[in-house]
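Engineer:
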Amino acid sequence: VPKEGGVLLVPNHVTWVDGILLTVVAPRPVRFIAYADFVHHPRLAWLAKVFDVIPIKADGGPKALIQSLKVAREALEQGSCVCIFPEGTLTRTGQTQRFQPGFLKILQGTNCPVVPVRLHGLWGSIFSYRGGKFFWKWPRKWPYPVSVLFGPPIQNPQSVEEVERVV
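Just so we're aligned, residue 6 is where the sequence shown starts under this note's numbering, counting upward by one.
Here you go:
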């Protein structure tokens with residue numbers, strides 16, 4: 006992860022604690038992009054404010070979505086490290102889901118690199134969807150070995166598939 010300047014982290018999305026893990030291991034502060042419903046939830050709003058989360062208003066129509074992407078682009082231009090989970094949802098199978106193109110729209114015109122991130126070893130934890138439910142299951146082992154792998158920055162990615170392949 007570059008120490009300075011705007012950079013977009015694009016990890017796979019396995020559990021509800023992925024953002025916390027990235028916050029702990031990233032070498033610099035991270036601004037996450039999250040659905041507005043989570044950002045404005047009464048129990049989570051204070052946390053979203055502390056971490057300056059960028060809300061995505063997916064249900065507000067195309068104009069609201071474009072405005073959210075613009076805010077994320079401005080954060081990159083101001084030198085922030087921004088993170089978006091390009092799958093758009095947590096995996097329900099343990100496999101990486103198809104990446105959505107929104108992250109390319111955020112990058113457009115910024116000349117900021119993308120850093121692919123692989124969260125590994127989290128599937129099956131109590132925070133994953135394994136077994137058809139979140140949280141309410143016993144851990145299969147303890148401690149749970151987890152890896153967070155940062156790939157080399159990709160400058161000006163040409164397609165969603167290019168970045169998805171690397172992750």
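Beta carbons: idealized from backbone N, C-alpha and C, even for Gly.
#1: Hey, out of S164, V153 and H46, whose CA is closest to T20's CA?
#2: For E82, collect the residues of the same chain with a Cβ closer than 7 Å to its Cβ; drop the 5 residues on either side in sequence, then sort them by chain order.
#3: Excluding the 5 residues flanking E169 on each side, which residues of the same chain have their C-beta closer than 6 Å to its C-beta?
#4: Using the three-state DSSP reduction, which class does L13 fall into: helix, strand or coil?
#5: Count Cβ pairs between the segment 30 to 47 and the segment 83 to 99 that sit closer than 8 Å; are there 3 or more?
#6: Under a three-way DSSP split, which group does S152 fall into?
#7: Going by DSSP in three states, I89 sits in which element: helix, strand or coil?
#8: Quick one: give me the first and last residue of the beta strand (DSSP E) that P121 is part of.
#9: Using the Cβ count rule (16 or more neighbours within 10 Å means buried), how would you classify G107?
#10: Starting from the Cα of E92, find the closest Cα among A41, L13 and H18 and give me that residue.
#11: For V162 versus L124, is the C-beta distance shorter than 8 Å?
#12: If you reduce the DSSP assignment to three classes, tell me which class I111 lands in.
#13: Taking L13 and I111 to be in contact with their CB atoms under 8 Å, please state how far apart those CB atoms are, rounded to whole angstroms.
#14: Does the Cβ of A50 have 16 or more other Cβ atoms within 10 Å, making it buried, or fewer, making it exposed?
#15: Name the DSSP beta bridge partners of P60, please?
#16: So which of F155, E9, P158 and P157 has the shortest CA-CA distance to A80?
Structural biologist: On the basis of the data shown:
#1: Your numbering for residue 20 matches position 15 in the sequence shown. If we check each option's Cα against that of T20, V153 comes out closest.
#2: For the purposes of this step, residue 82 is identified with residue 77 of the sequence shown, where counting begins at 1. Result list for E82: G11 and T115, in chain order.
#3: Reading the sequence shown from its first residue, position 164 is the one you call residue 169. Cβ within range, chain order: F104.
#4: For the purposes of this step, residue 13 is taken as residue 8 along the sequence shown, with counting starting at 1. L13 falls in the strand class under three-state DSSP.
#5: yes
#6: Numbered from its first residue, the sequence shown carries residue 152 at position 147. It is a strand residue.
#7: Position 84 of the sequence shown holds residue 89. Coil at I89, not helix or strand.
#8: As a position in the sequence shown, residue 121 is number 116, starting the count at 1. Per DSSP, P121 belongs to the beta strand (DSSP E) from V119 to H125.
#9: Indexing the sequence shown from 1 puts residue 107 at position 102. Answer is buried; the Cβ neighbour count reaches 16.
#10: Within the sequence shown, residue 92 is the residue found at index 87, counting from 1. The candidate whose alpha carbon is nearest that of E92 is H18.
#11: Residue numbering aside, residue 162 sits at position 157 when the sequence shown is read from its first letter. Residue numbering aside, residue 124 sits at position 119 when the sequence shown is read from its first letter. Here the sequence assigns Pro to residue 162, which means Val is not the residue at that position. Taking 8 Å as the Cβ cut-off, P162 and L124 do not qualify as a contacting pair.
#12: For the purposes of this step, residue 111 is identified with residue 106 of the sequence shown, where counting begins at 1. Here I111 sits in helix by DSSP.
#13: If you number the sequence shown from 1, residue 13 lands on position 8. If you number the sequence shown from 1, residue 111 lands on position 106. The pair is a contact, with the Cβ atoms about 6 Å apart (cut-off 8 Å).
#14: As a first step, residue 50 is located in the sequence shown; it is residue number 45 there, counting from the start. Classification for A50: exposed.
#15: Translated into the one-based positions of the sequence shown, residue 60 becomes position 55. Beta-bridge pairing links P60 to A39.
#16: Taking the sequence shown and counting its residues from 1, the one referred to as residue 80 is at position 75. Among F155, E9, P158 and P157, the Cα nearest to that of A80 is on E9.
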